[in-house]
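Novice: Here you go, one structure.
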């Protein structure tokens, strides 16, 4: 796991949950390096990659590690375009709509100060960081008992698949 911490503290009053997805044709180390540089400039509190446990499992692991008594509440769920319908047709057998679908390179879950949210989204999408970077605010941090949860009817963000460009680098 990649954990990026700034004194290990997440405070409810000023923190937003982000989900960032980066172009999958680039090696994972490059993906993390791009986001880590920007996370440093916006004073991110914590982050983890989303892989085998799905977004909810990794959010739960991150919440458990916090010094402060906080919980993560996910309101928005980014999924590949059309996959929400496929998941529903299959009876959600892979856990996609519950946030438990395993990923192989699912992006990063980042906690950062709320006032930096717009700046982070704009900069990660800018040409300065290459193409294929997307970011969404997916939830909030609130006072709680170090758990993560997805609300009953999250807003589904349909994410267009990124087309790999031969020779692309970040």
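Residue numbers (UniProt numbering): 1 to 170.
Beta carbons are placed, not taken as given, at the ideal position from N, Cα and C, and that holds for glycine.
These figures come from a predicted structure and were not determined experimentally.
(1) My guess is that residue 75 and residue 149 are in contact by the Cβ rule of under 8 angstroms, so how many angstroms apart are they, rounded?
(2) Would you mind reading off the limits of the beta strand (DSSP E) that contains residue 76?
(3) Check the Cβ-Cβ distances between residue 71 and every residue of chain C, and say whether any is below 8 angstroms.
(4) Just tell me which of 151, 145, 93 and 127 has its CA closest to the CA of residue 67.
(5) Measure the alpha-carbon distance for residue 57 versus residue 127 and round it to whole angstroms.
(6) Taking all protein chains shown into account, do 16 or more other C-beta atoms lie within 10 angstroms of the C-beta of residue 90, making it buried, or fewer, making it exposed?
(7) Report all residues from its chain with a CB closer than 7 angstroms to the CB of residue 69; omit the five preceding and five following residues, and keep chain order.
(8) What separation, rounded to the nearest whole angstrom, lies between the Cα atoms of residue 179 and residue 73?
(9) Identify whether residue 50 lies in helix, strand or coil by the three-state DSSP scheme.
(10) Would you list the one or two residues that DSSP bridges to residue 158?
(11) Tell me which residues share the same chain as residue 99 and place their Cβ nearer than 8 angstroms to its Cβ, disregarding the 5 neighbours each side in the sequence.
(12) Label residue 41 either buried or exposed according to how many other C-beta atoms from any shown protein chain fall within 10 Å of its C-beta, with 16 as the threshold for buried.
(13) Taking the alpha carbon of residue 159 as the reference point, which residue from 153, 43, 133 and 139 has its own alpha carbon closest?
(14) How big is the Cα-Cα spacing for residue 116 and residue 88?
Specialist: This is what the structure holds:
(1) Position 75 of the chain shown, counted from the start, is the residue given in the question as residue 75. Position 149 of the chain shown, counted from the start, is the residue given in the question as residue 149. At roughly 10 angstroms, the Cβ-Cβ gap does not stay under 8 angstroms, so residue 75 and residue 149 are not in contact.
(2) On the chain shown, residue 76 is found 76 positions in, with the first residue counted as 1. Per DSSP, the continuous beta strand (DSSP E) segment holding residue 76 begins and ends at 70 to 80.
(3) Included in the structure is just one protein chain, with no chain C present.
(4) The residue labelled residue 67 in the question sits at position 67 within the chain shown. Minimum Cα-Cα distance from residue 67 among the listed residues 151, 145, 93 and 127 corresponds to 145.
(5) Locating residue 57 in the chain shown gives position 57, counting from the first residue. Locating residue 127 in the chain shown gives position 127, counting from the first residue. Rounded to the nearest angstrom, the two C-alpha atoms are 32 angstroms apart.
(6) Indexing the chain shown from 1 puts residue 90 at position 90. Answer is exposed; the Cβ neighbour count stays below 16.
(7) Sequence index remark: in the chain shown, residue 69 carries index 69 (1-based). Setting aside the 5 residues that flank it on each side, residue 69 is surrounded in the same chain by 143, 144, 145 and 146, each with a C-beta closer than 7 angstroms to its C-beta; the list follows chain order.
(8) Past the boundaries of the shown model lies residue 179; the chain is included only from 1 to 170, so the question cannot be answered.
(9) To locate residue 50, count along the chain shown from 1; it is residue 50. Residue state, collapsed to three classes: coil.
(10) Within the chain shown, residue 158 is the residue found at index 158, counting from 1. DSSP output for residue 158 lists 79 as bridge partner(s).
(11) The residue you call residue 99 lines up with position 99 of the chain shown. For residue 99, same chain residues with a beta-carbon under 8 angstroms away, outside a window of 5 residues either side, are 54, 55, 56, 57, 59, 74, 77 and 150 in chain order.
(12) Mapped onto the chain shown, residue 41 falls at position 41. By the 10 Å Cβ count, residue 41 comes out exposed.
(13) Position 159 of the chain shown holds residue 159. Cα-wise, what sits closest to residue 159 is 133.
(14) As a first step, residue 116 must be located in the chain shown, where it is residue number 116. As a first step, residue 88 must be located in the chain shown, where it is residue number 88. Using only the alpha carbons, I get a separation of about 35 angstroms.
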